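I have placed the structure first, in the form of structure tokens, so that the comments after it can refer back to it.
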Amino acid sequence: MLRELIYERLKSILSEQEIQYDFNIEVPDEKFGDYSSNIALIGARYFKKPPIEVARYFSEKLSDDPLFSEINVAGPGFLNFKISKGYYIDILNDMLSKEQNYWKPEKNDIKVQFEYGSANPTGPFTVGHGRQLIIGDILSNVFEFLGYDVTREMYLNDAGRQIKLLARSLWVRYNELFGKSFELPEDGYRGKYLIEFAEKLKEEFEDKFLEKWDNETEQFFMKYAVSNILKMMNSTLSKLDSKFDSVVSEKSVIEKGLVEKVLEIFRNKDLIYKKDGAIWLKVSKLINEDDKVLIRSDGTYTYFLTDIAYHYDKYLRKFDKVYDIFGSDHHGHIPRMKASMKALDIPDDFLDFILHQFVTLKRKGEVVKMSTRSGDFVTLDELIDEVGKDATRYFFAMNDINTHLNFDLELAKSKTVDNPVFYVQYAYARINSVFEKAKEKGIKFKLKEDIEKLEKEKELNIIKLLDELSFTLKDTTEKLSPHILTNYIYGLSEKFHSFYAKERILDEEDIAISNARLNLLYAIKIVYEIVFNLLGITAPDHM
RNA sequence: GUGCCUGUAGCUCAAUCGGAUAGAGCACUGGACUCCGGAUCCAGAGGUUGCGGGUUCAAUUCCCGCCAGGCACACCA
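Take any residue in the first sequence, count from 1 to its spot, add 77: that is its number in the working numbering.
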């Protein structure tokens, strides 16, 4: 990786001087060079000299280094590097030898868990869940690619009062089919899926539960509703090509006795008390927030309590790092969860949260209304059916998670250049078609041969960009946002299309240069396959 | 009222943990195939980075104060 090579060289000059500080290597505007560093700007105060002089010092020190074909000092004291052509050829050769492994570091032992898609199993996934699912899925893929031991996990809140409401709502719908009218609970569920479940129930059990509501019936309806909703959720997940390594239910957390355990720890630390018949956690003793109820006066557990127990379990499962991904509407949950972790003597950096902002669907510039209450909201399933898996995934991934996402349905469906998904997939299809054309023309592709013929600015630039994938992946794991990866692949596509338009790849008059460029295309193809795979979108040979 | 996120070209978005003249796409103007996929490419125009201060060699980025939008402030999850 070129960035590292440059970094190491600069670093060693610093240590010769017994000076230490942090500095950057970055890819600047092309006119400045291939890479640049701010080492002299930062270093001015350590060297006690003006930045330009410091920059000259580095530049002289490195003047004999074969890595660079040119080093110059510019602006207020930037150090700009041009990489020797020979290094680019070596790098390309290395990529062609190792293929995907070129970008894949050694496996490490760090156990990372991503929790996302967690929901009450009370209805189908919404569009909002979609963003979360895609963010979690892609980040998991990237961490895994970089050698982490990753667990993708979903938590199901199948024990709370929401499930009771769901059961009662279903029961009401069921009775309606017999012309018996009961009122839906005030916070009940109004989605049409419950009517469909009710119809199935009627077919299977006829009037067995008609006008009969007791504990046994409630249990049955809870189970029936949840299992059917899980079926719906799973079907959506498989349409999305999104898989979990593990699904943990709230019930199982309670059954494992973790709630008791957590309460015991809190009790021993004098962090709980009883008030108004409920059990409270002294959140105010830990952070600057109000105390919260753990056990309601009717004896049932709050979500807060079981979630603490669940996270305690994560700790016991020995994850090194846990990320919870959810919508920004849950951000209020964060400080008290952090506080609870502290109360359980779990290290501060064990748990982190990845919040994403909301999604708005737009059709022809108009906002598509989504409302959970009325039950006519657009489900994730409907979205996938309308725009396809690839567009769904790419669009959810392509914005910074901190910004509100405008999902343009028309754009997502369009098969034109405006649609970024098509743009990047088209580049891939085009590469394949060049290989096919080469065969037709009788130009034989010889792996790793003739690559020293590559010398054009655009060619070497692409090699650099391919090498940069390593940095992009690392950056994605640090910024915890998948849009860095979509931006990368979009940028590579631009570079490729531009190269394709400028330079003829297949030239029967010059077989060697044709083969050299086919090798370059082959490396590009590998990178597309890595990135498409991480994003979870298809790599089409033809479109 | 308090807390979190956002505000960048007409529109949708970038900007590599503070870097050089703030970049792409769409739309607009003008160009490029007898050809490897024109589903593409090249060029032009378009900006007081919401406003006002501060920090420093350097601020879209960090700090403070306003303004606007979104979200949250339950014995819901």
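Backbone N, C-alpha and C fix where the C-beta goes; we use that ideal spot for every residue, glycine too. Note that the structure is predicted; figures quoted are calculated from it, not measured.
8 Å contact criterion, which ILE52 and LEU139 should meet: CB distance rounded:
The shown model of the chain, from 78 to 620, leaves out residue 52, and the question about it has no answer.
So ILE385 packs on SER417, CB below 8 Å; how close in whole Å?
So it is a contact: roughly 5 Å between Cβ atoms.
Reduced DSSP secondary structure (H/G/I, E/B, other) of THR199:
coil
Nearest to ASP401 by alpha carbon, out of GLY194, LEU335, LYS346, LYS359?
GLY194
Cα separation between GLU221 and VAL227?
6 Å
The alpha helix (DSSP H) enclosing LYS556, as first and last residue numbers
Per DSSP, LYS556 is one residue of the alpha helix (DSSP H) stretching across 534 to 556.
Please state whether DSSP places GLN190 in a helix, a strand or coil.
strand
In the structure shown, what three-state DSSP assignment does LEU612 receive?
helix
Is it buried or exposed, ILE96, if we count other Cβ atoms within 10 angstroms and call 16 or more buried?
exposed
If you pair each beta-carbon of the region 192 to 207 with each one of the region 557 to 575, do three or more pairs fall below 8 Å?
no
Pop quiz: TYR503 and LEU173 are said to be a contact at Cβ under 8 Å. What is the actual Cβ separation, rounded to whole angstroms?
Going by Cβ atoms, the distance from TYR503 to LEU173 rounds to 24 Å, so no, they are not a contact pair.
Please name the residue in ILE539, LYS551, VAL324, ILE331 whose C-alpha comes closest to that of TYR605.
Put simply, of ILE539, LYS551, VAL324, ILE331 the residue whose alpha carbon is nearest the alpha carbon of TYR605 is ILE539.
Below 8 Å between beta carbons: does that hold for HIS388 and PHE435?
Contact flag unset, no.
In whole angstroms, what is the alpha-carbon distance linking ILE528 and PHE396?
45 Å
Three-state class that DSSP yields for LYS439 in the structure shown:
strand
Every unbroken beta strand (DSSP E) within the region 99 to 167, with a cutoff of 3 residues, ordered by chain:
112 to 114, 145 to 151, 155 to 160
Taking the CB atoms as reference points, tell me whether GLU545 and VAL104 lie closer together than 8 Å.
yes
Where ILE356 and ARG413 are concerned, what is the direct C-alpha to C-alpha distance, given to the nearest angstrom?
Approximately 16 Å between the Cα atoms of the pair.
Considering only DSSP beta bridges, list what ILE372 is partnered with.
According to DSSP, ILE372 bridges with ILE356, TYR378.
Helix, strand or coil: which one does DSSP assign to VAL494?
coil
With DSSP run on the structure shown, which of helix, strand or coil describes ASP462?
helix
Looking only at its chain, what residues have a beta carbon closer than 7 Å to the beta carbon of LEU348, apart from the 5 residues adjacent to it on each side?
LEU358, LYS359, LYS362, ALA420
Euclidean distance between Cα positions of VAL445 and SER304
30 Å
Measuring CB to CB, does LYS159 end up less than 8 Å from PHE145?
yes
7 Å CB neighbourhood of SER547 in its chain, flanking five on each side removed
Counting only Cβ-Cβ distances below 7 Å, and skipping sequence neighbours, we find MET78, TRP180.
Roughly how many angstroms lie between the CA atoms of PRO262 and PHE255, to the nearest whole one?
19 Å
Going along the chain, which residues of its own chain have a beta-carbon closer than 7 Å to the beta-carbon of ASP264, five neighbours each way excluded?
LEU242
CB-CB under 7 Å to GLY205, same chain, minus the five flanking residues each way: which ones, in chain order?
GLY404, PHE435, VAL436
Counted within 10 angstroms of its Cβ, other Cβ atoms place LEU612 as buried (16 or more) or exposed
Buried: at least 16 other Cβ atoms inside 10 Å.
Along the chain, where does the beta strand (DSSP E) containing VAL227 start, and where does it finish?
226 to 233
Could you check if ARG581 is buried or exposed, using at least 16 other CB atoms within 10 Å of its CB as the buried criterion?
exposed
Below 8 Å, can you find three or more Cβ-Cβ pairs linking the region 512 to 523 to the region 482 to 491?
no
Is ILE96 helix, strand or coil when you go by DSSP?
coil
Hey, would you say ASP142 sits closer than 8 Å to ARG86, going by beta carbons?
By the CB criterion at 8 Å, ASP142 and ARG86 fall inside the cutoff.
Opposing strand residues paired with VAL511 [DSSP bridges]
The partner list for VAL511 (beta bridge, DSSP) is empty, contrary to what the question assumes.
Proximity to LYS533 [Cα-Cα], best of ILE461, LEU432, PHE576:
LYS533 has its Cα closest to that of PHE576, out of ILE461, LEU432, PHE576.
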